[in-house]
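Sequence lines, in order, name chains U and R.
Using numbering that gives the first Met the number 0, you'd call the opening residue of the first sequence number 0 and step up by one each time.
Using numbering that gives the first Met the number 0, you'd call the opening residue of the second sequence number 0 and step up by one each time.
Don't be surprised by glycine CBs; every beta carbon is placed ideally from N, CA and C.
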Amino acid sequence: MTADVAALAYLGASILFIMALRGLSSPAMARRGNVYAIAGMVIAVATTLAEPGVLGYDMILVALVAGGGIGTVAARRIQMAAMPQLVAAFHSLVGLAAVLVAIAAFYAPDAFGIGAPGAIKVASRIEMAIGAAIGAITFSGSIVAFAKLQELVTGAPLVFPGQHWLNLLLGLALVALGVEFAATQDGSAYLVMIALAFVLGVLLIVPIGGADMPVVVSMLNSYSGWAAAGIGFTLENTALIVTGALVGSSGAILSYIMCRAMNRSFVSVILGGFGVETGTTVKAGERPAKAGSAEDAAFILKAAKTVIVIPGYGMAVAQAQHAVREMAKALAGSGARVRYAVHPVAGRMPGHMNVLLAEANVPYEEVAELEDINNDFAQTDVAFVIGANDITNPAAKTDPKSPIYGMPILDVERARTVLFVKRSLAPGYAGIDNDLFYRPNTMMLFGDAKKVVEGILQAL
Amino acid sequence: METMAVDPFVFRLSIFVLAVFVGYYVVWSVTPALHTPLMAVTNAISSVIIVGALIAAGPAAWSLAKALGLIAVFLAAINIFGGFLVTQRMLDMFRRK
Chain U
0 MTADVAALAY
10 LGASILFIMA
20 LRGLSSPAMA
30 RRGNVYAIAG
40 MVIAVATTLA
50 EPGVLGYDMI
60 LVALVAGGGI
70 GTVAARRIQM
80 AAMPQLVAAF
90 HSLVGLAAVL
100 VAIAAFYAPD
110 AFGIGAPGAI
120 KVASRIEMAI
130 GAAIGAITFS
140 GSIVAFAKLQ
150 ELVTGAPLVF
160 PGQHWLNLLL
170 GLALVALGVE
180 FAATQDGSAY
190 LVMIALAFVL
200 GVLLIVPIGG
210 ADMPVVVSML
220 NSYSGWAAAG
230 IGFTLENTAL
240 IVTGALVGSS
250 GAILSYIMCR
260 AMNRSFVSVI
270 LGGFGVETGT
280 TVKAGERPAK
290 AGSAEDAAFI
300 LKAAKTVIVI
310 PGYGMAVAQA
320 QHAVREMAKA
330 LAGSGARVRY
340 AVHPVAGRMP
350 GHMNVLLAEA
360 NVPYEEVAEL
370 EDINNDFAQT
380 DVAFVIGAND
390 ITNPAAKTDP
400 KSPIYGMPIL
410 DVERARTVLF
420 VKRSLAPGYA
430 GIDNDLFYRP
440 NTMMLFGDAK
450 KVVEGILQAL
Chain R
0 METMAVDPFV
10 FRLSIFVLAV
20 FVGYYVVWSV
30 TPALHTPLMA
40 VTNAISSVII
50 VGALIAAGPA
60 AWSLAKALGL
70 IAVFLAAINI
80 FGGFLVTQRM
90 LDMFRRK
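Shown next, in the form of structure tokens:
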């Protein structure tokens, strides 16, 4: 195979990847899109294996089978509620692979056609320094995100004085070492730079937590793409450059969508600390909230003609999505119209709620996005909020002092009755009280989301 | 006579910038309902970094670079298989009535 044929094969792989993303514009086309992506990957791997320098097939096969086996088991076993953790873990692997490839390129530049040891092309040195640094930040940042999502460490933001100055200093040191390496090919500068990038990755993610987790996951998605693109420049491989650019812009767009859905700027999310200071918090219990039983809720639901379910992360934690689906079925059976309203930041990653509802066999036509369904609450008999909180808080519209002021929310308070399933009156991620709890048309259903819904189902 | 030649880096940079634009328009057309599968599949395709790992792992003789390459092949393989499978699993759940 000539280099030209290989380059054309990589172009084919790139086109298949673009078509895979295009397929995600509708659930009906998406499965075929995934097949395109797999085909693109097979072409890229086969093309590389056919390159004259690739000879040690035995060990490569071992690594492929071992990795493939672990990946297969992980993908099969993972619960949909735990998808954010899995994705964060996968991002970390891309980051680490990028670092390892960048280090390998330094020790064996001849294999990559970028020069000889000690005489690597300047452009390649710059590219590999950038690729390695972003890869290292992606790796350690994703590990922290994984630990937070898996609740191995507290999900709350960790802030300390001088944090941003320290990060800035580290960032400048990274650039200085990168420039040093590009100028002198000093291997120790290169390795120290990578080590500092690992540290910076941790420090960048620790101050971000709670409600901002969807942005973190999207952001790391973006980083993993830019790291891949950086390595693609080093390897002079178009498939890698194109894929890196696609993934990088995809993650950036998702981060933007998440920030917009919280009315927060990207910079303020990165600086972190959101949800630490409690601001205008009203102590829970100072005002009376009306609590009801499962039987009361069933009574109200039975009389309802239109119901909108508003799921949040609490539903995922309690694994209540199947019970919710059963309840919706029972209500639909007695003539009610049941739909689901998904806020962009409900859950811990973009689209998390849609996947959970799909897992519970909710047809996707019944699931609507915020802007499509928000006007319908006024004509709705029951808004059934389960495991969500901040995304329904009217303070976002009325209280300029609230930390979530300006955030687009689901207008559940316009429904005739709001049923609010919640463990307690404790505030949500953002650490603020929800006025909705104390409204006359709200009935609180205290308890574990799954048990409450099962209780309602029985009473129906 | 010397002709004007474009540095290959500039060619690659052009491809990169165009791909960012393609990504921008394609991703905006993705339905928000599929944002989680989007992340899973972008994660899987970014494992195309395995091509670099394979080249590093390629030589018949052992070296540090080969060892690093093999580890990277292993990591990327987890991602490729895991990423595509989990995407498939999720997409299979999105059904009509």
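A straight-line Cα-Cα distance of about 43 Å links residue 426 of chain U and residue 73 of chain R. Boundaries of the alpha helix (DSSP H) around residue 146 of chain U: 121-148.
Residue environment analysis places residue 117 of chain U among the exposed positions, since fewer than 16 neighbouring C-beta atoms fall within 10 angstroms of its C-beta.
Counting C-beta pairs with one atom in each stretch, the segment 72-91 of chain R and the segment 50-67 of chain U have three or more that are closer than 8 Å, which means they touch. By the rule that beta-carbons nearer than 8 Å mark a contact, residue 349 of chain U touches chain R.
Distance from residue 376 of chain U to residue 307 of chain U at the Cβ level is roughly 7 Å; contact confirmed, criterion being Cβ atoms closer than 8 Å. Residue 40 of chain U places its beta carbon 8 Å or farther from that of residue 54 of chain R. Interface criterion met: the Cβ of residue 26 of chain R is under 8 Å from a Cβ in chain U. Spatial neighbours of residue 35 of chain R in its own chain (CB-CB distance under 8 Å, excluding positions within 5 residues in sequence) are listed in chain order as 89. For residue 424 of chain U, there is no enclosing beta strand (DSSP E), since its DSSP letter is neither H nor E. With contacts defined as CB atoms closer than 8 Å, residue 215 of chain U and residue 207 of chain U qualify as a contacting pair. Residue 18 of chain R is positioned such that its CB atom lies closer than 8 Å to that of residue 244 of chain U. The Cβ-Cβ distance between residue 205 of chain U and residue 246 of chain U does not fall below 8 Å.
Using a C-beta cut-off of 8 Å, the segment 140-160 of chain U makes contact with the segment 188-203 of chain U, since at least three inter-stretch Cβ pairs fall below that distance. Interface residue (Cβ-Cβ distance to chain U less than 8 Å): residue 56 of chain R is classified as such. In its chain, beyond the 5 residues on either side, 78, 82 have a beta carbon closer than 8 Å to the beta carbon of residue 42 of chain R. Per DSSP, residue 54 of chain U is not a residue of any alpha helix (DSSP H), being assigned neither H nor E. By DSSP's assignment, residue 208 of chain U forms no beta bridge with any residue.
The Cβ atoms of residue 322 of chain U and residue 453 of chain U sit closer than 8 Å to each other. A direct Cα-Cα distance of roughly 49 Å separates residue 26 of chain U from residue 115 of chain U. Non-local C-beta neighbours of residue 12 of chain U in its own chain, meaning closer than 6 Å and more than five positions away in sequence, comprise 39, 42, 43, 238, ordered along the chain.
A residue is called buried once 16 or more other Cβ atoms fall within 10 Å of its Cβ, and residue 194 of chain U, having fewer, is exposed. For chain R, none of the residues of the segment 138-161 of chain U brings a beta carbon within less than 7 Å of one of its beta carbons. Annotation: residue 80 of chain U to residue 317 of chain U spans about 9 Å, alpha carbon to alpha carbon. Within chain U, no residue has its beta carbon less than 7 Å from that of residue 13 of chain R; the closest one is some 10 Å off.
Taking the Cβ atoms as the reference, residue 38 of chain R lies roughly 5 Å from residue 86 of chain U, within the contact range of under 8 Å.
If you ignore the 5 residues before and after residue 46 of chain R, its C-beta comes within less than 6 Å of the C-beta of 75, 78, 79, all in its own chain and listed in chain order. Interface criterion met: the Cβ of residue 40 of chain R is under 8 Å from a Cβ in chain U. Contact check between the segment 3-12 of chain R and the segment 297-305 of chain U: fewer than three CB pairs, one atom from each, fall below 8 Å, which does not count as touching. Here residue 71 of chain U is not bridged, per DSSP, to any residue.
Residues are counted here when their Cβ sits less than 8 Å from a Cβ of chain R; for the segment 70-100 of chain U these are 70, 71, 73, 74, 75, 77, 79, 82, 85, 86, 89, 90, 92, 93, 95, 96, 97, 99, 100, given in chain order. For residue 37 of chain U, the residues of chain R that pass the 8 Å Cβ criterion are 83, in the order they occur in the chain. Secondary structure note for residue 443 of chain U: it is in no alpha helix (DSSP H), and the uninterrupted beta strand (DSSP E) holding it is 441-445. In this structure, residue 52 of chain U sits near residue 58 of chain R, with a CB-CB distance shorter than 8 Å.
Under the three-state reduction of DSSP output, residue 23 of chain R falls in the helix class.
Among the residues of chain R, those whose CB is under 8 Å from the CB of residue 223 of chain U are 42, 45, following chain order.
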